[in-house]
Amino acid sequence: MSKASVEDIKLASAGLRGQLAEQFADASLSHIPEDANILLKHHGSYQQDDRDLRAKLSKEGKEKAWSFMVRTKMPGGRISAKQWLIHDDLCAKANGTMRLTNRQGIQLHGVLKGGMKELISNVCHSGLTTMGACGDVVRNTMGPAAPIKDAVHEDTQRLTEEISQRFLWRSSAYADIWLDGEKLDPEWIKDPEVDPAVRAATKAAEGDDPIYGKLYLPRKFKIGVAIQPCNDTDVFSQDVGLVPHVVDGAVIGYTITVGGGFGMSHGQLSTRPFLGQPLLYAPRPNVVDAIEAIVTTQRDHGNRTERKNARLKYTVQTMGLAAFRAEVERRLPGIKTEDPKPLKFDSVEDNLGWHEQGDGKLYCCVYVSMGRIADPQDKPGYRSAFAQIARELDLPFIVTANTNMIIADVSPDKKAAVDAILAAHGVVHADDAGFTRVRKVAHACVALPTCGLSLSESERALPGMLDKIDDILRELGLENEPILIRMTGCPNGCGRPYNADFGFVGRAPNKYAMFVGGSVRGDRLAGLEFKSVTGDEIPARVRAFLEAFKAERQPGEIFADWFARTRKLGDAPSAEQFHIELAERAARLAGEKVDAAG
Ligand code: SRM
Ligand code: SF4
2 MSKASVEDIK LASAGLRGQL AEQFADASLS HIPEDANILL KHHGSYQQDD
52 RDLRAKLSKE GKEKAWSFMV RTKMPGGRIS AKQWLIHDDL CAKANGTMRL
102 TNRQGIQLHG VLKGGMKELI SNVCHSGLTT MGACGDVVRN TMGPAAPIKD
152 AVHEDTQRLT EEISQRFLWR SSAYADIWLD GEKLDPEWIK DPEVDPAVRA
202 ATKAAEGDDP IYGKLYLPRK FKIGVAIQPC NDTDVFSQDV GLVPHVVDGA
252 VIGYTITVGG GFGMSHGQLS TRPFLGQPLL YAPRPNVVDA IEAIVTTQRD
302 HGNRTERKNA RLKYTVQTMG LAAFRAEVER RLPGIKTEDP KPLKFDSVED
352 NLGWHEQGDG KLYCCVYVSM GRIADPQDKP GYRSAFAQIA RELDLPFIVT
402 ANTNMIIADV SPDKKAAVDA ILAAHGVVHA DDAGFTRVRK VAHACVALPT
452 CGLSLSESER ALPGMLDKID DILRELGLEN EPILIRMTGC PNGCGRPYNA
502 DFGFVGRAPN KYAMFVGGSV RGDRLAGLEF KSVTGDEIPA RVRAFLEAFK
552 AERQPGEIFA DWFARTRKLG DAPSAEQFHI ELAERAARLA GEKVDAAG
């Protein structure tokens with residue numbers, strides 16, 4: 002499909018309606034055409050096929066094993082016990098698992114075409130929505146996961162919800178296709194649990210979208226909020242990052258970063274990851290308006306002819322940060338912005354285990370391996386454990402950006418019951434399990450068998466590699482060191498590998514590009530160390546770095562700081578660093594020095 006045609010498809014879609022209603026009603030076909038899939042993304046779903054079966058089915062002359070992935074949006078990862086149980090029930094009608102996503106949402110995989118309408122309508126009736134979970138719009142807004150009951154955490158969560166509401170696309174198409182046109186305050190919408198964003202969706206009028214117009218955005222758009230010093234939402238990877246400025250315990254405004262984003266193509270110099278850059282500071286009452294000015298600047302100035310260069314990060318690069326800021330401020334008449342405040346983070350990690358919320362209640366952050374909620378025979382039975390907690394204790398959950406799960410609002414008298422349910426299903430707290438610190442934060446994207454873009458394994462491969470890396474860490478006495486390892490099955494970067502200490506990026510089956518030198522703080526990009534390593538080689542490659550770190554580190558120095566101090570080529574990545582491996586960069590550098598001397 003030519004890139005421009007995505008724009009044509011959106012333009013001709015009558016508010017993202019297309020023929021989706023008819024196509025999903027047609028029981029004679031197991032799948033929908035590709036142009037319909039483009040529109041479907043905006044409704045929070047992708048058409049996929051089972052990649053494990055693809056070759057076999059093709060050999061047998063059969064059609065692909067089609068199904069759909071459905072993504073639920075949850076601002077700040079919040080989901081009630083009732084909503085969780087509805088998703089648990091729905092996943093039984095899909096492939097029996099749920100995937101916590103690293104944008105704090107939930108994905109169901111393997112939904113058959115005939116079951117889509119009922120499933121999406123059930124998600125909506127739970128009070129959440131799939132609307133805008135994918136597509137060229139503002140996606141799920143991320144926020145600090147910890148449910149601390151103070152003014153700052155409450156404000157950041159409120160802000161994620163305000164953003165979700167403001168940037169929900171407006172058209173009655175969603176309600177017409179999935180909800181039989183339910184628009185005007187049906188009974189369920191009066192439920193206090195219903196997300197205000199869903200209310201807006203069902204009431205939306207047909208016509209030009211007030212923010213997105215007829216063409217929507219040139220590309221996906223991602224927003225995340227983080228409270229210093231905890232960078233759990235990886236704020237510099239976002240198109241727009243928001244960091245509260247706190248005076249006397251109250252939030253008085255937010256520093257806004259722009260232009261983060263990780264997607265790229267191997268070897269294509271015109272594509273690369275960027276970290277967000279501080280743009281401006283806006284007083285609290287004007288923050289959502291300031292974001293809207295950024296979104297509309299991207300809408301009007303983003304590249305609409307080449308989707309590979311259409312993200313905000315390229316718009317900011319093309320316009321230059323100062324010109325971009327001037328344009329944003331031009332769209333904010335009467336609002337006084339300031340220069341951004343200094344930002345400093347210490348880690349992207351979650352605070353696993355039990356903690357106080359500050360209101361007499363507790364929360365427990367449970368490690369979930371790669372975010373996959375299932376009941377495998379050999380345990381841990383995450384799915385039955387969380388369902389039992391929801392059913393019997395009625396406790397809300399929060400999905401973290403590291404795809405772990407927080408059980409929130411636990412009164413002290415329920416703590417033992419939570420522990421007992423987790424233990425009964427073989428779910429151990431990370432602290433009790435003796436996990437290495439690397440294991441607690443390592444993440445892999447979904448990849449095979451569902452992702453149509455994956456070039457290699459990721460979710461299914463990383464845990465086994467981590468077993469070997471754990472042994473090395475223990476052997477070297479580094480099991481409590483903060484080191485971030487992330488993996489993806491292709492260069493799109495869903496697992497956010499490019500700011501990790503070690504990032505492995507799929508190139509081909511069992512082959513990965515190895516990036517080294519990001520930071521557990523999420524504030525530095527890595528560089529390409531080796532163009533291609535096999536999965537089997539990965540533990541030994543990591544070992545070489547760990548041994549050098551152990552030998553050379555200064556007292557108290559973490560891996561990221563050792564790397565920055567000792568590896569000159571690892572610091573301050575240039576555009577080429579993402580496509581040229583270290584040995585060649587070093588040779589070039591040496592050549593430059595010789596030339597300079599000569
Ligand atoms: Fe992603 C596309 C999964 C977070 C960058 N991503 C996909 C698709 C939908 C594949 C496709 O287009 O056919 C994947 C579905 C796989 C499956 O079978 O479930 C997919 N992305 C995911 C998730 C589930 C990975 C995870 O480990 O949790 C995350 C869902 C988050 C959510 O709830 O919304 C997910 N994707 C990310 C992130 C990280 C983030 O947002 O914090 C990134 C990098 C940050 C960024 O956007 O720059 C990311 N996904 C991409 C890209 C590359 C975008 C680009 O600018 O080039 C694609 C491909 C595309 O858009 O063309 C992609
Ligand atoms: Fe799929 Fe690539 Fe994203 Fe992994 S990084 S989920 S392989 S698109």
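Counting in this note's numbering, the sequence shown runs from 2 upward without gaps. Beta carbons are placed, not taken as given, at the ideal position from N, Cα and C, and that holds for glycine. Quantities reported herein were computed from a predicted structural model and do not represent experimental measurements.
Check                                                                                                                                                        : Outcome
Between Val329 and the rest of its own chain, which residues show a CB-CB distance below 6 Å, the 5 nearest in sequence each way excluded?                   : Ala294, Ile295 and Thr298
What I want to know is whether the C-beta of His110 ends up closer than 7 Å to one or more non-hydrogen atoms of ligand 1.                                   : yes
Name the DSSP beta bridge partners of Trp67, please?                                                                                                         : Asp50
For ligand 2, I want to know if Ser385 counts as a neighbour, meaning its beta carbon is within less than 7 Å of at least one of the ligand's heavy atoms.   : no
For the beta strand (DSSP E) containing Lys512, list its first residue and its last residue.                                                                 : Lys512 to Val517
With ligand 2 as the reference, list in chain order each residue whose Cβ lies under 5 Å from any of its heavy atoms.                                        : Cys446, Val447, Ala448, Cys452, Leu454, Ser455, Thr489, Gly490, Cys491, Asn493 and Cys495
Is the number of C-beta pairs between the segment 102 to 120 and the segment 132 to 150 that are closer than 8 Å three or more?                              : yes
Take the Cβ of Glu357 as the centre, count every other Cβ of all protein chains shown within 10 Å, and call the residue buried at 16 or more, exposed below. : exposed
Find the nearest neighbour of Asn232 within the set Glu582, Ser520 and Ala549, judged by alpha-carbon distance.                                              : Ser520
Quick check: Phe516 and Ala509, are their CB atoms within less than 8 Å of each other?                                                                       : no
Taking the alpha carbon of Asp36 as the reference point, which residue from Met75, Gly136 and Thr401 has its own alpha carbon closest?                       : Gly136
Please report how far the alpha carbon of Thr368 lies from the alpha carbon of Asp360, in whole angstroms.                                                   : The sequence given here has Tyr at residue 368, not Thr. The straight-line gap from Cα to Cα measures roughly 24 Å.
Would Tyr499 pass as a contact of Phe237 if the rule is Cβ separation under 8 Å?                                                                             : no
Quick one: does Gly504 have its CB under 8 Å from some CB of chain C?                                                                                        : Absent from the structure is chain C; it holds one protein chain and no more.
Where Ser31 and Lys63 are concerned, what is the direct C-alpha to C-alpha distance, given to the nearest angstrom?                                          : 12 Å
Got a sec: does ligand 1 put a non-hydrogen atom nearer than 7 Å to the Cβ of Arg497?                                                                        : yes
Rounded C-beta distance between Lys314 and Phe275? I'm assuming under 8 Å.                                                                                   : 4 Å
I want to check one thing, is the minimum distance from the CB of Cys135 to the heavy atoms of ligand 1 below 7 Å?                                           : yes
In angstroms with no decimal places, state the Cα-to-Cα distance between Ala448 and Ser459.                                                                  : 6 Å
May I ask you to verify whether the segment 58 to 76 touches the segment 104 to 119, counting CB pairs closer than 8 Å and requiring at least 3?             : yes
According to DSSP, is His154 helix, strand or coil?                                                                                                          : helix
Would you kindly work out how many angstroms separate the C-alpha atoms of Asp90 and Gly182, rounded to a whole number?                                      : 24 Å
Taking the alpha helix (DSSP H) that Leu416 belongs to, which residues open and close that run?                                                              : Rather than Leu, the amino acid found at residue 416 in this sequence is Lys. Counting along the chain, the alpha helix (DSSP H) containing Lys416 begins and ends at Lys416 to Ala425.
I believe Pro450 touches Leu344 by the beta-carbon criterion, under 8 Å. Please report the beta-carbon distance rounded to the nearest angstrom.             : At roughly 39 Å, the Cβ-Cβ gap does not stay under 8 Å, so Pro450 and Leu344 are not in contact.
Which same chain residues end up closer than 8 Å to Phe346 when comparing Cβ atoms and leaving out the 5 residues on each side of it in sequence?            : Ala227, Gln229, Pro230, Cys231, Asn232, Val236, Arg522, Gly523 and Asp524
Unbroken beta strand (DSSP E) runs of length 3 or more, entirely within the segment 335 to 419: which are they?                                              : 354 to 357, 363 to 367, 398 to 400 and 406 to 411
Starting from Ala283, trace the beta strand (DSSP E) in both directions and tell me its first and last residue.                                              : Gln278 to Pro284
Compute the minimum distance between the beta carbon of Lys65 and the heavy atoms of ligand 1, and state whether it is under 7 Å.                            : no
Does Arg331 pass the burial test, meaning 16 or more other C-beta atoms within 10 Å, or should it be called exposed?                                         : exposed
At which residues does the beta strand (DSSP E) containing Pro245 begin and terminate?                                                                       : Val241 to Val248
In whole angstroms, what separates the C-alpha of Trp170 from that of Gly128?                                                                                : 17 Å
Let's see if you can read the secondary structure: which residues bound the alpha helix (DSSP H) around Glu548?                                              : Ile539 to Glu553
Would you say the beta carbon of Tyr217 is closer than 7 Å to some non-hydrogen atom of ligand 1?                                                            : no
Please report the distance separating the alpha-carbon of Leu216 from that of Gly435.                                                                        : 51 Å
Have a look at the DSSP bridge pairing and note the partners of Arg79.                                                                                       : Ile399
Terminal residues of the continuous beta strand (DSSP E) containing Leu41?                                                                                   : No beta strand (DSSP E) contains Leu41, which is instead part of the alpha helix (DSSP H) from Glu35 to His43.
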